[in-house]
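See below for the structure under consideration.
Protein chains: 2
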Amino acid sequence: MIRSCYIVGSGNMAYFLSDAFRRVGIPIAGIYARNSASGTLLAKEFQAEWIPDLRQIPDEADTALFLCVPDQSIETVAEHLSQRTKQLLLHTSGNTPLSVLSAYAAAYGCFWPLASVSKRERTMLTDIPICIEGSDDSVTTSLHVLAGTLSGKVCPMNGSQRSLMHLSAVLTQNFANHLFALADQLCAQHGLDAKLLQPMMHEWTKRLATNNAQDMQTGPARRHDENTLAGHRALLSEHPELLEVYNTLTASIRKMYG
Amino acid sequence: MIRSCYIVGSGNMAYFLSDAFRRVGIPIAGIYARNSASGTLLAKEFQAEWIPDLRQIPDEADTALFLCVPDQSIETVAEHLSQRTKQLLLHTSGNTPLSVLSAYAAAYGCFWPLASVSKRERTMLTDIPICIEGSDDSVTTSLHVLAGTLSGKVCPMNGSQRSLMHLSAVLTQNFANHLFALADQLCAQHGLDAKLLQPMMHEWTKRLATNNAQDMQTGPARRHDENTLAGHRALLSEHPELLEVYNTLTASIRKMYG
């Protein structure tokens, strides 16, 4: 049973987890971050002890240490800790195998909220899935309990499933956001505001909860509306990169629906 | 001042507008649809008169006739009506110029809700933009008043702006939905449920209301994370079409952020 948490990092994930645990009454005992300016701010905001040196993070039973650092830094940070014999050592990465932690702790795991985390906007966690993996069954059970305090949706997942889910998050959220950014630019060039599309997008993602995306597909590619496709391509004739995106996704839709 | 509406069609848009006008107390006086089965059902649901013949739709002052039919049928349907001398004749298409109606009515326009309309799920209209265009200023004013009864966001827009906005809707909602459908398939092949991504997507579209998509971009393409990109490409090695989508969008993100 995890009573309190330590955090390494002061970025979006560090902020997100600190905030989430505070809401459910699990204290953040201490924070270390390479960036001491943002780290001390974070520690102050969450009434946590500021720990100026990675090696000073205590190895306490019934606590978890969250490494909220870039993927490529996880193992380096773990190396610089003293060996964890009592504390649960966790990374928060969708795309990192558990094995990177195996040399540095007796008990370790992954705690990955399937959320686009941001310092600026606090996300209510109750419906956000948390993907967990423990180094053994008892760790997985502890993680299940801990994640269950934050979210009603806890998903045990192994490393290859997690990678696949991370890829799917890129395909959906990252790419959809980029498409919106492209539409933003295109609209601005014509004196229009792409923000007008936001209510439709928000409504669509609401419907995703209970509908199948493949069934919900609309638009000219799906209905073989050649006139509209030709008209859109003409509008994009001076935007060759955007035209390539348009053609690639149109071809992919046609392939799906035959 | 439009007191009541007539509708041609019994598809998603016909249902959507009938429902929206009923909510604000503007009656649907009559409905004609080529499909008499779905048309009579719609008429019954909205206490409208079922009109079995297109040529019997009365040409009454202070009413609007909405053509809720596929883009390529708009002009054909308008041709088969008797000439409208008193009634406002409207199409509801994002991608059709106003001129297709000019031969068939003294006063005509476009009334295009920027929404992904569906019979199955009723959309609350209050924040959905309605794009309008009238054949003259007095028609535009009437449309502004009528649209204003449904939505707080009424956008006068000419035909070329409307086409551009329609293209932008395809780039964002249609393509994002397809990406979700692709992720759905990929997840299912690996025993995972892409529905886990829905809360993140819904949160993202909420943030679009107040944030700039270009600033919100995250992911491996933006941060030049070559390891993750290579890992994702390896996962897609047996999905050549999906790999092409991945590569095209990754290249487009890189181009945007340099």
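So the protein lines, in turn, are chains A and B.
The first sequence begins at 1 in the working numbering and counts up one residue at a time.
The second sequence begins at 1001 in the working numbering and counts up one residue at a time.
For glycine and all other residues, C-beta sits at the position ideal for the given N, C-alpha and C.
Nothing here was measured: the structure is a model prediction, and the numbers come from that model.
Item	Value
Pick from A/Leu-235, A/Ile-26 and A/Gln-161 that is closest to B/Leu-1196, judged by C-alpha positions	A/Gln-161
Where A/Lys-195 sits in the DSSP three-state scheme	helix
7 angstroms Cβ cut-off: residues of chain A touching B/Asn-1177	Trp-204, Ala-213, Met-216 and Gln-217
Own chain residues within Cβ distance below 8 angstroms of B/Val-1145, not counting five before or after	Met-1001 and Ile-1002
Below-8 angstroms beta-carbon distance, B/Val-1024 vs any chain A residue	no
Proximity test, Cβ basis, 8 angstroms: B/Ser-1116 and chain A	yes
Residue closest to B/Leu-1164, alpha-carbon to alpha-carbon, out of A/Gly-191, A/Leu-179 and A/Leu-143	A/Gly-191
Contact between the region 1053–1061 of chain B and the region 241–253 of chain A (3+ Cβ pairs under 8 angstroms)	no
Beta-ladder partner(s) of B/Arg-1084, from DSSP	B/Ala-1105
DSSP state of A/Cys-5 mapped onto helix, strand, coil	strand
Anticipated Cβ contact below 8 angstroms, B/Leu-1179 with A/Ala-176, distance rounded	6 angstroms
Length at least 4, wholly inside the region 1019–1061 of chain B: the alpha helix (DSSP H) runs in chain order	1036–1045
For B/Phe-1180: DSSP bridge partner residues	DSSP, once it has assigned bridges, lists no residue as partnering B/Phe-1180.
Interface residues of chain B facing A/Gly-231 [CB-CB closer than 9 angstroms]	Asn-1095, Ser-1163, His-1166 and Leu-1167
Straight-line Cα distance separating B/Ala-1147 from A/Leu-101	59 angstroms
Close-in-space but distant-in-sequence residues of the same chain around A/His-91 (CB under 6 angstroms, 5 per side omitted)	Leu-67, Ile-74 and Cys-110
Local conformation of A/Gly-159 per DSSP, three classes	helix
CB of A/Ser-259 within 8 angstroms of CB of A/Leu-41, strictly	Limits of chain A in this structure are 1 at one end and 258 at the other, which puts residue 259 of chain A out of reach.
Amino acids of chain A, ordered along the chain, whose beta-carbon sits closer than 8 angstroms to that of B/Asp-1071	Asp-225, Asn-227 and Thr-228
Whether A/Gln-214 touches B/Ala-1169 by CB criterion (8 angstroms)	no
A/Ala-64 classed as buried or exposed, judged by whether at least 16 other C-beta atoms fall within 10 angstroms	buried
Burial state of B/Ser-1099 (16 or more Cβ within 10 Å)	exposed
Closest Cα partner of A/Ala-107 within the set A/Ser-10, A/Leu-143, A/Ile-130 and A/Glu-203	A/Leu-143
Boundaries (first-last residue) of the alpha helix (DSSP H) holding A/Gly-148	137–150
For B/His-1190, three-class secondary structure by DSSP	coil
Backbone CA spacing between A/Asp-184 and B/Arg-1254 [nearest angstrom]	17 angstroms
Outcome for B/Asn-1174 when other beta-carbon atoms lying within 10 angstroms are tallied against a minimum of 16	buried
DSSP-derived helix/strand/coil call for B/Thr-1228	helix
Buried or exposed (CB count within 10 angstroms, at least 16 for buried), A/Ser-138	exposed
Assigned exposure category for B/Thr-1205 - 16 Cβ within 10 Å defines buried	buried
Contact under 8 angstroms by Cβ, B/Ile-1026 with B/Ala-1048	no
Identity of the residues DSSP links to B/Glu-1133 by a beta bridge	B/Cys-1110
Assumed close pair A/Arg-84, A/Ala-61 - CB separation to whole angstroms, cut-off 8 angstroms	With 8 angstroms as the limit, A/Arg-84 and A/Ala-61 do not qualify as a contact, their Cβ atoms being about 10 angstroms apart.
Close beta carbons around A/Gly-219, own chain, < 7 angstroms, minus the five adjacent residues each side	none
Contacting residues, own chain, Cβ-Cβ under 6 angstroms from A/Leu-171 (five flanking each side not counted)	none
Buried or exposed (CB count within 10 angstroms, at least 16 for buried), B/His-1166	buried
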